[in-house]
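Working notes, structure below.
Protein chains in written order, with our numbering: chain L, 20 to 382; chain W, 13 to 266.
Structure follows, in structure tokens:
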């Protein structure tokens with residue numbers, strides 16, 4: 020069985036940042052990514068990122084993916100990159116079972132950083148299995164990774180940042196977005212994103228949800244209706260949209276299966292997207308040696324995922340004795356960055372969620 | 013309201029509009045960012061210190077209009093594409109509005125496009141004065157539109173199609189184009205009736221249902237008349253085209 024000092028599961032913004040920090044301190048790192056390239060969701064983010072310089076603000080996500088990989092290359096003597104490789108199981112004895120391009124193998128790391136990200140939530144309505152109904156992230160992958168146009172006319176369900184951004188990118192790709200609807204009474208994403216699509220003429224209908232999807236072989240029409248203040252549909256408010264694509268963008272849930280398997284203590288926290296593990300301020304879970312970073316620790320923006328990754332990488336390396344004198348300074352710097360990213364009104368929900376799962380001074 | 017529709021309210025816009033006095037002095041940045049979000053590139057990219065220091069990354073940008081030169085660096089650094097440059101000194105009658113535009117094809121300099129407001133509704137015809145797409149802009153081209161001065165705080169996007177072109181039909185029945193209508197107004201025809209008599213607009217099969225509103229809008233826009241105060245044409249029967257035979261047949265009761 021192969022061994023390694025630190026296995027990082029997931030090669031997105033959190034995993035890459037964790038691997039960079041751990042390897043830069045001298046730890047031997049294996050970074051495991053199920054896709055055939057590193058970068059995770061960054062690879063399809065063609066828009067500029069928010070945040071500040073430390074989190075690559077004003078840089079496009081797709082370019083951040085390249086920058087992080089360049090940074091990782093500086094420490095390539097300490098890093099093994101496994102792409103097209105999926106971690107299948109995480110056992111109580113700390114062994115990972117892995118499938119790499121059809122081959123099965125085991126890996127015994129001394130420390131594990133789980134940075135698996137999140138998956139898209141789905142929505143229940145009649146005929147939601149019709150071809151043409153996608154997750155918004157899937158449509159983004161089709162367009163921005165594979166260059167495939169998903170259809171001609173789209174109804175976007177969800178006015179969070181993903182729904183708003185993917186709507187904008189659909190319009191850039193020459194696809195007509197008929198409307199963006201959201202069951203909530205207010206737009207959930209950043210209002211600058213909302214204004215950006217609104218001035219292109221795309222209506223945003225808050226307090227609306229899907230009633231019914233129609234189509235013979237694939238999606239042809241969607242009926243929506245309005246919700247009252249108790250989120251109950253109001254009969255008679257139905258509107259039809261003739262669309263061949265409907266994108267569902269109603270939130271993400273942490274991809275936490277491996278953490279469950281490992282026996283980490285999990286808590287259901289709606290503010291963070293679902294079940295997430297208890298953690299201390301070093302991003303270590305209740306199972307010694309298993310760390311977390313990014314959306315699996317609680318669904319947030321990529322900017323926070325990057326900082327959490329850096330923090331987890333730093334702390335996991337330190338626990339193996341790879342400390343430098345700047346440890347405490349760096350750790351405080353990352354905690355400060357996370358604090359400021361979350362300190363505004365849009366971070367209130369995250370702070371509330373994190374207060375339910377963050378244990379000070381070890382679990 | 014902004015949080016429900018994505019459209020900033022009049023009060024929102026008023027709160028960030030530079031004074032008339034400042035606008036008369038030259039180009040200036042208008043930042044339409046109304047929500048506290050963790051984002052500060054506008055502040056860190058400004059070389060003139062014209063955006064007040066962010067004490068907290070969630071602060072909203074506040075422009076010191078006296079320091080702002082309207083250079084436009086913040087426009088391409090704003091991840092929300094929420095910054096525009098307006099320059100009311102462009103000409104006696106027109107202002108420049110600089111808009112970040114991440115779409116292909118880019119409009120050609122010198123071409124005309126349809127300027128849109130914050131709801132995506134057509135406002136006016138606009139000439140593309142400049143298209144900037146330098147490497148430093150990192151794939152956020154900036155398009156400068158010349159628009160009538162009164163629309164400098166209104167125009168925020170555009171459709172590359174020139175819907176207000178001189179070739180656009182105003183009266184389809186009698187084939188009056190927008191260009192011909194503009195020429196008539198320029199020559200001094202100032203009422204619907206005058207325009208109808210000289211051009212036959214409104215005298216075709218649809219009896220003005222297509223053109224009446226459009227002519228009134230153009231009159232309002234170019235002469236400053238109010239729509240509600242415009243004298244209407246005289247309405248006479250028949251309201252739709254009928255066969256001569258129907259008239260020749262006389263009244264059924266006679």
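Glycine included, C-beta positions come from ideal geometry on N, C-alpha and C. Small disclaimer: the values here were computed from a predicted structure and weren't measured.
Residue 201 (chain L) places its beta carbon less than 9 Å from that of residue 176 (chain L).
In this structure, the straight-line span from the alpha carbon of residue 56 (chain W) to that of residue 75 (chain L) is close to 12 Å.
The shortest CA-to-CA distance from residue 38 (chain W) to any of W:78, W:219, W:62 is the one to W:78. Within the same chain, 53, 54, 57 come within 7 Å of residue 89 (chain W) by CB-CB distance, once the 5 residues on both sides are set aside.
Taken in chain order, the whole beta strand (DSSP E) runs of length 3 or more contained in the stretch 271–340 of chain L are 271–273, 285–288, 293–296, 309–311.
Scanning L:63, L:231, L:135 for the CA closest to the CA of residue 260 (chain L) turns up L:231.
Assigned with DSSP and collapsed to three states, residue 85 (chain L) falls in helix. For residue 102 (chain W), there is no enclosing alpha helix (DSSP H), since its DSSP letter is neither H nor E. Per DSSP, residue 24 (chain L) lies in no alpha helix (DSSP H); the unbroken beta strand (DSSP E) holding it starts and ends at 21–28. Check the Cα spacing between residue 113 (chain W) and each of L:265, L:106, L:191, L:45: the tightest is with L:191. Rounded to the nearest whole angstrom, the CA to CA distance from residue 219 (chain L) to residue 209 (chain W) is 39 Å. Contact between residue 339 (chain L) and residue 24 (chain L) is confirmed by a C-beta separation of about 6 Å, below the 8 Å threshold.
By a beta-carbon distance limit of 8 Å, residue 313 (chain L) contacts residue 328 (chain L). Their separation comes to about 6 Å. Taking 8 Å as the cut-off between beta carbons, the residues of the stretch 44–78 of chain W near chain L are 44, 45, 46, 47, 48, 49, 50, 51, 52, 53, 56, 57, 68, 69, 70, in sequence order. In this structure the stretch 15–27 of chain W does not lie against the stretch 56–71 of chain W, because fewer than three pairs of beta carbons, one per stretch, are closer than 8 Å. Under the Cβ distance rule, residue 159 (chain L) does not count among the residues neighbouring chain W, no pair being separated by less than 9 Å. With fewer than 16 neighbouring CB atoms inside 10 Å of its own CB, residue 184 (chain W) falls in the exposed class. Taken in chain order, the complete alpha helix (DSSP H) segments of 4 residues or longer contained in the stretch 164–221 of chain L are 180–191, 210–217. Below the 8 Å Cβ cutoff, chain L contributes 190, 191 as neighbours of residue 115 (chain W), in chain order. Rounded to whole angstroms, the gap between the alpha carbons of residue 349 (chain L) and residue 286 (chain L) is 29 Å. Within the stretch 224–261 of chain L, the complete beta strand (DSSP E) runs of at least 3 residues fall at 227–233, 240–245, 258–260. Listed along chain L are 217, 218, 220, each with a C-beta nearer than 8 Å to that of residue 131 (chain W). Annotation note: the stretch 121–145 of chain W contains the following uninterrupted beta strand (DSSP E) runs of length 3 or greater, listed N- to C-terminal: 124–128, 134–144. By the Cβ test, the stretch 141–157 of chain L is not in contact with the stretch 36–50 of chain L, since fewer than three Cβ pairs between them sit closer than 8 Å. Taking 9 Å as the cut-off, the Cβ atoms of residue 69 (chain L) and residue 117 (chain W) do not count as close.
With a threshold of 16 other beta carbon atoms within 10 Å, residue 319 (chain L) meets it and is buried.
Taking C-beta atoms under 8 Å as the contact rule, residue 192 (chain W) and residue 158 (chain W) fail to qualify, at a distance of about 23 Å.
For residue 34 (chain W), the enclosing alpha helix (DSSP H) has its first and last residue at 32–35. The three-state reading of DSSP puts residue 343 (chain L) in coil, since its state is none of H, G, I, E or B.
At a C-beta separation below 9 Å, residue 122 (chain L) has no neighbours in chain W, since its nearest C-beta there lies roughly 40 Å away. Short of 7 Å from the beta carbon of residue 279 (chain L), and not among the five residues preceding or following it, lie these beta carbons of its own chain, in chain order: 285.
In this model, residue 69 (chain W) and residue 295 (chain L) are separated by some 27 Å (Cα to Cα).
About 13 Å separates the Cβ atoms of residue 229 (chain L) and residue 197 (chain L), ruling out a contact at the 8 Å cut-off. Where residue 53 (chain W) is concerned, there is no enclosing beta strand (DSSP E), although the alpha helix (DSSP H) around it starts and stops at 53–57. For residue 212 (chain L), the nearest CB of chain W lies under 9 Å from its own CB, placing it at the interface with that chain. Checking the DSSP bridge columns, you'll see residue 104 (chain L) partnered with L:119.
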